[in-house]
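**Student:** Have a look at this one.
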Amino acid sequence: MAEAPTATSERPRIVYSDNGPEAPYPLQMEGEVISGFGRGSKELGIPTANLPVDEAQISWIANITSGVYFGYAALQLPASHPDIPSAAASSTNGDAPKKYHIFPMVMSIGYNPFYKNSKRSAEVHILHKFAQDFYGAPMRLLLLGFVREEKNYAGVEALIEDINIDCEVARRSLDRAAWMPREGVVGMGQGTLDGSWLVRE
Ligand code: ADP
Ligand code: MG
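Under this note's numbering, read the sequence shown as residues 1 to 201, first letter to last.
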């Protein structure tokens, strides 16, 4: 059976204005990376780092629209992790190595099947190719905008196609000065956005 054509190709590749995030963003959450639902995201080439969601601590998450969001993830990788950017790893001159590194991300906020879909779930795909997993790593998220609502897909290919577009939308939307943290983003550079919450001690 032929699949109905998706509107995929018509999706905009950049969202929001060049002037930076708009209220209610930025939204923040943090926690340690946990195991997910074993849906095999990694096998699809789209691993998602899952965070526990404590609705009592994150006031905004209970009522937010389910769907795809974008922004930055700051990760505190263990000293032995191969993806620690070299400038930080080789600080031999008495500087403390940087604790958090900022990466661009897309994330899905949905419902957790383990709790009969009554509790929110949060899973983050970082736009960086990691040589090693980072389960247990402290992760902070700065959500800067909304990409699209949750959708049901006829097949996994359509899903992957849409996720690839989500990644492109995030990359292009974040790649503007007012959307890029002053603190610097791995693989991107520096802008004028206040990202101090992501890297604070
Ligand atoms: P799980 O069901 O346990 O979440 P996934 O297949 O979604 O398994 O893989 C997620 C794990 O992959 C993350 O917890 C992280 O340790 C690792 N990982 C590797 N690269 C990435 C990436 N680019 N973005 C997110 N997680 C990644
Ligand atoms: Mg996952």
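For every residue, glycine included, the Cβ atom is placed at its ideal position computed from N, Cα and C.
Taking the alpha carbon of Leu44 as the point to measure from, which residue in Pro24, Asn63 and Glu157 has its own alpha carbon closest?
**Tutor:** Glu157 is the residue among Pro24, Asn63 and Glu157 whose C-alpha sits nearest the C-alpha of Leu44.
**Student:** Kindly indicate which three-state DSSP category Tyr16 falls into: helix, strand or coil?
**Tutor:** coil
**Student:** Taking 8 Å as the threshold, find out whether the segment 134-149 comes into contact with the segment 65-78 through three or more Cβ pairs.
**Tutor:** yes
**Student:** Consult DSSP for Pro104 and reduce its assignment to one of helix, strand or coil.
**Tutor:** strand
**Student:** Go through its chain and collect everything with a Cβ distance to Ser41's Cβ below 7 Å, but skip five positions before and after it.
**Tutor:** Pro47 and Thr48
**Student:** Residues in its own chain within less than 6 Å of Lys119 by CB, not counting five upstream and five downstream?
**Tutor:** Asn112
**Student:** Within the same chain, show all residues whose beta-carbon is closer than 8 Å to that of Glu183, passing over the 5 residues directly before and after it, in chain order.
**Tutor:** Ile102, Gln190, Gly195, Ser196, Leu198 and Val199
**Student:** Output needed for Ala177: all residues of its chain with C-beta closer than 7 Å, excluding positions within five of it in sequence on either side, in chain order.
**Tutor:** Gly191 and Thr192
**Student:** Starting from the C-beta of Gln132, find all residues in its chain whose C-beta is less than 8 Å away, skip the five residues before and the five after it, and write them out in chain order.
**Tutor:** His81, Pro82 and Asp83
**Student:** At the level of alpha carbons, what is the spacing between Asn50 and Asp166?
**Tutor:** 18 Å
**Student:** Using a threshold of 8 Å, is the CB atom of His101 nearer than that to any non-hydrogen atom of the ligand ADP?
**Tutor:** no
**Student:** Shorter than 8 Å, the distance from the beta carbon of Ser118 to the closest heavy atom of the ligand MG, or not?
**Tutor:** no
**Student:** For the structure I just gave you, are there three or more beta carbon pairs, one from the segment 125-141 and one from the segment 12-21, closer than 8 Å?
**Tutor:** no
**Student:** Whole angstroms is fine: what's the gap from Ser59's alpha carbon to Gly31's?
**Tutor:** Distance between the alpha carbons of Ser59 and Gly31 is about 15 Å.
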